[in-house]
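Which chain is which? The protein sequence lines are A and B, in order.
The C-terminal residue of the first sequence carries number 241 in full-length UniProt numbering, and the numbering is unbroken.
The C-terminal residue of the second sequence carries number 219 in full-length UniProt numbering, and the numbering is unbroken.
We treat Cβ as the ideally placed atom computed from N, Cα and C, and that holds for glycine.
Since this is a predicted model, take the numbers as computed values, not measurements.
As structure tokens, the structure follows; a few thoughts come after it.
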Amino acid sequence: MMIKVENLKKSFGENEVLKKINLEVEKQEVVVVIGPSGSGKSTLLRCINLLETITSGHVFIEGTDIADKTANINKIRQDVGMVFQQFNLFPHMTVLDNIMLAPTKVKKVPKEQAKAKAMELLGKVGLAEKADAYPDSLSGGQKQRIAIARALAMEPKMMLFDEPTSALDPEMVGEVLDVMKQLAKDGMTMVVVTHEMGFAREVGDRVIFMDGGYIVEENEPNQLFAHPNEERTKAFLSKVL
Amino acid sequence: MGVNPIDIIREYLPFLASGTLFTIGFSLAGIVFGTILGLLVCFGKMLNNKVLSAPFVCYITFFRGTPLFVQILLIHFGVVPAIFGQSNGIISGIVALSLNEAAYIAEVFRAGIQSIDEGQTEAARSLGMNRLQAMRYVVLPQAVHRVLPPMGNEFISLIKDSSLLAAIAAPELTYWAQAMGAQYAITWTPYLAISFIYLILTLTMSFLVNRLERRMATK
Ligand SMILES: Nc1ncnc2c1ncn2[C@@H]1O[C@H](COP(=O)(O)OP(=O)(O)OP(=O)(O)O)[C@@H](O)[C@H]1O
Ligand SMILES: [Mg+2]
Numbered sequence: 001m002m003i004k005v006e007n008l009k010k011s012f013g014e015n016e017v018l019k020k021i022n023l024e025v026e027k028q029e030v031v032v033v034i035g036p037s038g039s040g041k042s043t044l045l046r047c048i049n050l051l052e053t054i055t056s057g058h059v060f061i062e063g064t065d066i067a068d069k070t071a072n073i074n075k076i077r078q079d080v081g082m083v084f085q086q087f088n089l090f091p092h093m094t095v096l097d098n099i100m101l102a103p104t105k106v107k108k109v110p111k112e113q114a115k116a117k118a119m120e121l122l123g124k125v126g127l128a129e130k131a132d133a134y135p136d137s138l139s140g141g142q143k144q145r146i147a148i149a150r151a152l153a154m155e156p157k158m159m160l161f162d163e164p165t166s167a168l169d170p171e172m173v174g175e176v177l178d179v180m181k182q183l184a185k186d187g188m189t190m191v192v193v194t195h196e197m198g199f200a201r202e203v204g205d206r207v208i209f210m211d212g213g214y215i216v217e218e219n220e221p222n223q224l225f226a227h228p229n230e231e232r233t234k235a236f237l238s239k240v241l
Numbered sequence: 001m002g003v004n005p006i007d008i009i010r011e012y013l014p015f016l017a018s019g020t021l022f023t024i025g026f027s028l029a030g031i032v033f034g035t036i037l038g039l040l041v042c043f044g045k046m047l048n049n050k051v052l053s054a055p056f057v058c059y060i061t062f063f064r065g066t067p068l069f070v071q072i073l074l075i076h077f078g079v080v081p082a083i084f085g086q087s088n089g090i091i092s093g094i095v096a097l098s099l100n101e102a103a104y105i106a107e108v109f110r111a112g113i114q115s116i117d118e119g120q121t122e123a124a125r126s127l128g129m130n131r132l133q134a135m136r137y138v139v140l141p142q143a144v145h146r147v148l149p150p151m152g153n154e155f156i157s158l159i160k161d162s163s164l165l166a167a168i169a170a171p172e173l174t175y176w177a178q179a180m181g182a183q184y185a186i187t188w189t190p191y192l193a194i195s196f197i198y199l200i201l202t203l204t205m206s207f208l209v210n211r212l213e214r215r216m217a218t219k
């Protein structure tokens, strides 16, 4: 089991955003999370690598409870790559330095080795020629592909994607999804929050529908899209499909 | 009209020269120590623990909320004698300017750090960096960029404020201008002369800061 979420609750002040989440993600599984705005999708993802503190419950990453104060969260996060809607590339560094920073500073990988790995990843996302460019000079789609390469440079065992294509112009969505599809094919364990139902159908092993802080329904994609059981799922799908 | 102003200035030239050096020295000391201390105070204030950050908040509140002149007097006639047994204008001057500058620099830095998007820190942390690494490699390099202009303003203020040290007989520019004015019972010559020198110092400072900004912008 790569990720196991157990009775997870998260509140911001009085506002309980995650009400009682249980979720398991197997190795090499691709789980797609969908749901209306404000349903807690981002918060769930952020709790999984402790960017948000957990109010109660547990999140196990490969068996380690990250809610436990003694857990070495910096070490665990190395195994959990995250890709953000807003890319969050480091604007003061070149693309290459963006990718090499964490491996060299956190894992103490020798520079040459980190650079070779970075170039390999840049090739993989189709942006080898942008190694020396600064993020500001890239398009949104290129930025997001770099952000994926940057996360992969730490050789994570699983990846979290929070609406990776929502900030992109429509014509750039495809190039990012293609990289993610390839990643899924290569066997990466992934949790993807997205509104791209085509992607969910094509690469998702399981789709989770969240609403109001609950997981309302989960199923294999075709099943969930074709035959939703819950009224709320039906209502949501009728709007997005 | 007795003595020719030119002659007075000529007579006082060595003192004005050493006064200028002292003014530069006080300013540089205040800038260097104030910046180092200011960074520490800034991090102190940003600590998550309220009890631990409280002393730093008090420090900033005190040094920004009371007149520098009063701080100079307190340090010169109170703090320095209590520690060294006697007062010393140069030590008091450096201490007072550094402590005061640190409070302002701390706030400038805090504003700079907080102006960097939270997503930057989150991206760094999600890659496995600890708080310190995220600060050092991701946030600070971007913040430095943004704090440069307000820092330059603080440095310029510091140069001008160092004139207050004349009151504790620290031998900087204004001190010698007062001496000159008192000896010959004149006003215009000494104060216009040092105004001119202060102007050169502050203009040089803003030139240097501007150049640094431009160098960093093209990088
Ligand atoms: N840092 C925060 N402080 C207070 N409230 C927050 C915070 N982050 C999220 N919330 C609240 O938690 C709820 C769930 O937010 P979340 O971002 O997880 O939703 P989402 O499903 O990702 O929505 P979207 O599709 O718009 O991204 C929202 O009501 C939001 O206002
Ligand atoms: Mg969200």
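Anything in chain A within Cβ reach of M46 of chain B, meaning under 8 Å, just list it in chain order.
Within the second sequence, numbered from 1, the residue matching residue 46 of chain B stands at position 46. Chain A residues near M46 of chain B: none, gap ~18 Å exceeds 8 Å.
Would you say S56 of chain A and K9 of chain A are within 7 Å of each other, going by their C-beta atoms?
The count along the first sequence starts at 1 and reaches residue 56 of chain A at position 56. The count along the first sequence starts at 1 and reaches residue 9 of chain A at position 9. Against a cut-off of 7 Å, the Cβ pair of K9 of chain A and S56 of chain A comes out as a contact.
Answer with yes or no whether the minimum CB distance from A235 of chain A to chain B is below 7 Å.
Here residue 235 of chain A is taken as the residue at index 235 of the first sequence, counted from 1. So, not an interface residue.
Tell me whether the stretch 99-109 of chain B and the stretch 30-49 of chain B touch, counting them as touching only if at least three CB pairs, one residue from each stretch, are closer than 8 Å.
yes
Rounded to the nearest angstrom, what separates Y12 of chain B and S92 of chain B at their Cα positions?
For this step, residue 12 of chain B is matched to residue 12 along the second sequence. For this step, residue 92 of chain B is matched to residue 92 along the second sequence. If I take the Cα positions, the gap works out to 25 Å.
CB contact below 7 Å: G119 of chain B versus chain A
Here residue 119 of chain B is taken as the residue at index 119 of the second sequence, counted from 1. By this cut-off, G119 of chain B is an interface position.
Classify G126 of chain A as helix, strand or coil using the three-state DSSP reduction.
Taking the first sequence and counting its residues from 1, the one referred to as residue 126 of chain A is at position 126. Coil.
Report yes if the CB atom of M154 of chain A is closer than 7 Å to the CB atom of A102 of chain A, and no otherwise.
Start at 1 with the first residue of the first sequence, and residue 154 of chain A comes out as number 154. Start at 1 with the first residue of the first sequence, and residue 102 of chain A comes out as number 102. Yes, the pair counts as a contact, with Cβ atoms nearer than the cut-off.
Going by alpha carbons, who is nearest to T154 of chain B out of B:L97, B:W188, B:R125?
Residue mapping note: residue 154 of chain B aligns to position 154 of the second sequence, counting from 1. The sequence given here has Glu at residue 154 of chain B, not Thr. Comparing Cα-Cα distances from E154 of chain B to each of B:L97, B:W188, B:R125, the minimum goes to B:L97.
C-alpha distance - L39 of chain B paired with I60 of chain B, whole-angstrom precision
Residue mapping note: residue 39 of chain B aligns to position 39 of the second sequence, counting from 1. Residue mapping note: residue 60 of chain B aligns to position 60 of the second sequence, counting from 1. If I take the Cα positions, the gap works out to 12 Å.
With distance defined between alpha-carbon atoms, name the residue in A:E29, A:A149, A:I66, A:V25 nearest to F84 of chain A.
Counting from 1 along the first sequence, the entry for residue 84 of chain A is found at position 84. Answer by Cα proximity: A:A149.
Would you mind listing the alpha helix (DSSP H) stretches within the stretch 54-130 of chain A that are 4+ residues and don't spill past its ends, in chain order?
73-78, 95-105, 111-124
Contact between the stretch 60-67 of chain A and the stretch 215-234 of chain A (3+ Cβ pairs under 8 Å):
no
With respect to the alpha helix (DSSP H) encompassing K239 of chain A, which residues constitute its N-terminal and C-terminal limits?
The residue labelled residue 239 of chain A in the question sits at position 239 within the first sequence. Run containing K239 of chain A: 231-240, per the alpha helix (DSSP H) assignment.
Start and end of the alpha helix (DSSP H) containing I91 of chain B?
For the purposes of this step, residue 91 of chain B is taken as the residue at position 91 of the second sequence. From DSSP, the alpha helix (DSSP H) with I91 of chain B extends over 89-114.
Any residue whose CB is nearer than 5 Å to a heavy atom belonging to ligand 1, listed in chain order
A:F12, A:V17, A:S37, A:G38, A:S39, A:G40, A:K41, A:S42, A:T43
Taking only beta-carbon atoms, is A131 of chain A less than 7 Å away from chain B?
In the first sequence, residue 131 of chain A corresponds to position 131, counting from 1. Answer no: the Cβ-Cβ gap between A131 of chain A and chain B never drops below 7 Å.
Between which two residues does the beta strand (DSSP E) containing T189 of chain A stretch?
What you label residue 189 of chain A is simply residue 189 of the first sequence in a count that begins at 1. It spans 189-193 - the beta strand (DSSP E) in which T189 of chain A sits, taken as one unbroken run.
Quick check: is the beta carbon of N72 of chain A nearer than 7 Å to any beta carbon in chain B?
As a first step, residue 72 of chain A must be located in the first sequence, where it is residue number 72. Chain B, which has no Cβ nearer than 7 Å to the Cβ of N72 of chain A, makes this no.
Give the C-beta separation of K115 of chain A and L96 of chain A to the nearest angstrom, bearing in mind that I take them to be a contact with Cβ-Cβ under 8 Å.
As a working note, residue 115 of chain A is residue 115 in the first sequence. As a working note, residue 96 of chain A is residue 96 in the first sequence. With a Cβ gap of about 7 Å, K115 of chain A and L96 of chain A count as contacting.
Under 7 Å between the Cβ atoms of V216 of chain A and T233 of chain A?
For the purposes of this step, residue 216 of chain A is taken as the residue at position 216 of the first sequence. For the purposes of this step, residue 233 of chain A is taken as the residue at position 233 of the first sequence. Going by C-beta atoms, V216 of chain A is nearer than 7 Å to T233 of chain A.
Note down the Cα distance separating V70 of chain B from L99 of chain B, rounded to an integer number of angstroms.
Mapped onto the second sequence, residue 70 of chain B falls at position 70. Mapped onto the second sequence, residue 99 of chain B falls at position 99. Rounded to the nearest angstrom, the two C-alpha atoms are 13 Å apart.
Just to make sure I have the definition right: I need the residues of chain B whose C-beta is within less than 7 Å of the C-beta of L101 of chain A. Which are they?
Stepping through the first sequence from its first residue, residue 101 of chain A is reached at position 101. Per Cβ cutoff of 7 Å: Y137.
Assign W176 of chain B to buried or exposed, taking buried as 16 or more other Cβ atoms, counted over all protein chains shown, within 10 Å of its Cβ.
The count along the second sequence starts at 1 and reaches residue 176 of chain B at position 176. Looking at its Cβ environment, which holds 16 or more other Cβ atoms inside 10 Å, W176 of chain B is buried.
Excluding five sequence neighbours on each side, which residues of the same chain lie with their C-beta closer than 7 Å to the C-beta of V144 of chain B?
As a first step, residue 144 of chain B is located in the second sequence; it is residue number 144 there, counting from the start. Same-chain partners within the cutoff: there are none.
Can you tell me which of the three DSSP states E172 of chain B falls into?
The residue you call residue 172 of chain B lines up with position 172 of the second sequence. DSSP places E172 of chain B in coil when its eight states are reduced to three.
Mark H195 of chain A as exposed unless 16 or more other C-beta atoms lie within 10 angstroms of its C-beta, in which case mark it buried.
Taking the first residue of the first sequence as 1, we reach residue 195 of chain A at position 195. With fewer than 16 other Cβ atoms within 10 Å, it is exposed.
Take L165 of chain B as the anchor and find which of B:C42, B:G89, B:M135 has the nearest alpha-carbon.
By 1-based counting over the second sequence, the position of residue 165 of chain B is 165. The residue with the shortest Cα to Cα distance from L165 of chain B is B:G89.
DSSP three-state assignment for S18 of chain B, whether helix, strand or coil:
Counting from 1 along the second sequence, the entry for residue 18 of chain B is found at position 18. Three-state result, S18 of chain B: helix.
Does any CB atom of chain B fall closer than 7 Å to the CB of R145 of chain A?
Counting from 1 along the first sequence, the entry for residue 145 of chain A is found at position 145. No, its Cβ sits nowhere closer than 7 Å to a Cβ of chain B.
In DSSP terms, what R215 of chain B is bridged to
In the second sequence, the residue the question calls residue 215 of chain B occupies position 215. Per DSSP, none; premise fails for R215 of chain B.
Among A:K111, A:L89, A:L152, nearest to G140 of chain A - alpha-carbon criterion
Against the first sequence, residue 140 of chain A aligns to sequence position 140. Taking only the C-alpha atoms, the option nearest G140 of chain A is A:L89.
If you draw a straight line from the C-alpha of I76 of chain A to the C-alpha of R131 of chain B, how long is it?
As a working mapping, residue 76 of chain A is identified with position 76 in the first sequence. As a working mapping, residue 131 of chain B is identified with position 131 in the second sequence. Each residue's Cα considered, the two are about 15 Å apart.
Proximal chain A residues relative to E122 of chain B, where beta-carbon distance stays under 9 Å
Position 122 of the second sequence holds residue 122 of chain B. Under the 9 Å cutoff, chain A gives R46, L51, M82, F84, N88.
Can you say whether F84 of chain B is buried or exposed, counting buried as having 16 or more other CB atoms within 10 angstroms of its CB?
Stepping through the second sequence from its first residue, residue 84 of chain B is reached at position 84. F84 of chain B is exposed by the Cβ-count criterion.
Are the stretch 172-189 of chain B and the stretch 119-127 of chain B touching by the rule of at least three beta carbon pairs closer than 8 Å?
no
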